[in-house]
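>
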Amino acid sequence: MSSDTPTTAAAATKVMPSADSNPRVVVTTHAADGTSIFGADSEVPLFYPFGPAVSSFAVFDMRGVVPVNNQEGTGEYASTIPRCPPGGVIFCITNIAGNFTVPMHRTLSIDYAVVLTGEIVIKLDNGDEKTVRTGEYIIQGGVNHQWINRTNETCRIVVVMVSAEKVKLADGTELEQTVLKR
Numbered sequence: 001m002s003s004d005t006p007t008t009a010a011a012a013t014k015v016m017p018s019a020d021s022n023p024r025v026v027v028t029t030h031a032a033d034g035t036s037i038f039g040a041d042s043e044v045p046l047f048y049p050f051g052p053a054v055s056s057f058a059v060f061d062m063r064g065v066v067p068v069n070n071q072e073g074t075g076e077y078a079s080t081i082p083r084c085p086p087g088g089v090i091f092c093i094t095n096i097a098g099n100f101t102v103p104m105h106r107t108l109s110i111d112y113a114v115v116l117t118g119e120i121v122i123k124l125d126n127g128d129e130k131t132v133r134t135g136e137y138i139i140q141g142g143v144n145h146q147w148i149n150r151t152n153e154t155c156r157i158v159v160v161m162v163s164a165e166k167v168k169l170a171d172g173t174e175l176e177q178t179v180l181k182r
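In my numbering, the protein residues as written are 1 to 182.
1. Taking the alpha-carbon of Gly34 as reference, which of Asn70, Ala164, Ser56, Pro103 has the nearest alpha-carbon?
2. Checking 8 angstroms against the spacing of the C-beta atoms, do Val114 and Ile148 come in under that value?
3. Excluding the 5 residues flanking Ala31 on each side, which residues of the same chain have their C-beta closer than 6 angstroms to its C-beta?
4. Can you list, in chain order, the stretches of the beta strand (DSSP E) that have 3 or more residues and sit fully within the stretch 94-125?
5. The beta strand (DSSP E) spanning Cys155 covers which residue range?
6. DSSP state of Tyr137, grouped into three classes?
7. Within the same chain, show all residues whose beta-carbon is closer than 7 angstroms to that of Ala9, passing over the 5 residues directly before and after it, in chain order.
8. What's the C-alpha gap between Ser109 and Leu169?
9. Check the C-beta distance from Val159 over to Pro86 and give it rounded, since I have them as a contact under 8 angstroms.
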């Protein structure tokens with residue numbers, strides 16, 4: 001048993017860190033002989049490209065191709081806005097401040113997301129909205145959307161983005177990515 005394994009019921013019910021804290025990431029890898037080892041255990045600093053009052057990101061891992069090479073280490077992405085590389089995958093969190101709206105945008109990815117804390121409204125370009133709360137899931141397939149936090153609390157969302165083909169309409173038009181800019 002490792003030194004950080006919960007040994008009591010109280011220890012096992014540790015409260016999740018706040019959405020404003022730097023996330024801890026534990027990375028496993030292999031020793032030269034193939035034995036499983038821990039490669040890293042560290043906090044990833046939050047990145048605030050649009051200022052501290054609106055949103056922040058932490059990219060944990062990004063790979064340029066799938067399937068990935070499990071013998072390559074993870075990179076350093078401390079100042080990275082999460083954008084899935086073509087043909088790749090990215091694992092990250094986004095924190096959306098209370099009473100903030102992320103501009104409408106589209107990614108060239110399918111996104112698998114879980115709301116860890118708070119709640120968020122997903123608004124589509126046709127005006128439809130859905131509220132997603134703590135512990136609920138999102139699968140988003142390259143749609144034009146915006147995130148709206150109508151509460152006073154920061155919403156933390158963990159996301160795995162997988163590169164996808166452009167959406168092609170019946171008339172052959174391909175929908176392009178729109179990106180958020182610093």
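Even for Gly, the Cβ is constructed at its ideal location relative to N, Cα and C.
The relevant details are as follows:
1. Along the sequence shown, read from residue 1 onward, the residue named residue 34 stands at position 34. Cα-wise, what sits closest to Gly34 is Asn70.
2. In the sequence shown, the residue the question calls residue 114 occupies position 114. In the sequence shown, the residue the question calls residue 148 occupies position 148. No; because the gap between Cβ atoms is not below 8 angstroms, this pair is not in contact.
3. As a first step, residue 31 is located in the sequence shown; it is residue number 31 there, counting from the start. For Ala31, where only same-chain residues beyond five positions count, the Cβ hits under 6 angstroms are Ile37.
4. 109-117, 119-124
5. Here residue 155 refers to the residue found at position 155 of the sequence shown. 155-163 is the span of the beta strand (DSSP E), which, as asked, contains Cys155.
6. Residue numbering aside, residue 137 sits at position 137 when the sequence shown is read from its first letter. Three-state result, Tyr137: strand.
7. Start at 1 with the first residue of the sequence shown, and residue 9 comes out as number 9. Its pLDDT being 49, under 50, Ala9 is placed unreliably in this model, and the value from its coordinates should be taken loosely. The answer is none, since no qualifying residue turns up.
8. On the sequence shown, residue 109 is found 109 positions in, with the first residue counted as 1. On the sequence shown, residue 169 is found 169 positions in, with the first residue counted as 1. Approximately 16 angstroms between the Cα atoms of the pair.
9. Mapped onto the sequence shown, residue 159 falls at position 159. Mapped onto the sequence shown, residue 86 falls at position 86. The Cβ separation is near 17 angstroms, so there is no contact.
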